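In what follows, a structure is listed as structure tokens, so that the remarks can point back to it.
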Amino acid sequence: MKNSKRRHILRQSRHRRVRRKVHGTAERPRLCVFRSNKHIYVQVTDDWKQHTLLSCSTLSPELRGELEHGGSVQSAAKVGELIGRKCLEAGITAVVFDRGGYRYHGRVKALAEAAREQFTKAGAPGF
-3 MKNSKRRHIL
7 RQSRHRRVRR
17 KVHGTAERPR
27 LCVFRSNKHI
37 YVQVTDDWKQ
47 HTLLSCSTLS
57 PELRGELEHG
67 GSVQSAAKVG
77 ELIGRKCLEA
87 GITAVVFDRG
97 GYRYHGRVKA
107 LAEAAREQFT
117 KAGAPGF
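Okay, so the sequence shown: first residue is -3 according to the working numbering, each after it adds one.
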């Protein structure tokens, strides 16, 4: 088996293991991350209703002009700030973070910390 396929299968199994424990509700939805080589995507979902409340990525129109490259730590931080602001505007003050089977390192960490900072500035519990 090729290394890339093996890594993908291992990430999926880690993601399933995390998802057994992490569930989003209406009061505290799940903020889930998907990372590709070129971009980073984030969604805020209510798992009970199976409904995506908000989404944001490096491809979002709000960020298209600002970003030099979508696969960088700085881009992930900008996406984290944007999703934090969108959550607060929508009245979402607390979320559960789902790292999607990725290590809490680099782009995933930058996104989480930027979103957490937006919640902290507003005085919300965050995650």
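For every residue, glycine included, the Cβ atom is placed at its ideal position computed from N, Cα and C. Because the structure is a prediction, the values reported are computed rather than measured.
In or out: residue 108 buried (at least 16 other Cβ within 10 Å) or exposed?
buried
Helix, strand or coil at residue 93 [DSSP, three-state]:
strand
Could you check the C-alpha separation between residue 91 and residue 1 for me, to the nearest Å?
31 Å
Taking a contact to mean a Cβ-Cβ separation below 8 Å, would you say residue 41 touches residue 25 in this structure?
yes
Please indicate yes or no: does the CB of residue 116 lie closer than 7 Å to some heavy atom of the ligand ATP?
Absence of the ligand ATP is noted for the structure shown, with no ligands found whatsoever.
Paired residues, beta bridge with residue 50 - DSSP
40
Helix, strand or coil: which one does DSSP assign to residue 26?
strand
State the start and end residues of the unbroken alpha helix (DSSP H) segment that holds residue 16.
-1 to 17
Under 8 Å by Cβ, that's how I've got residue 111 and residue 80 pegged, so tell me the actual separation to the nearest angstrom.
4 Å
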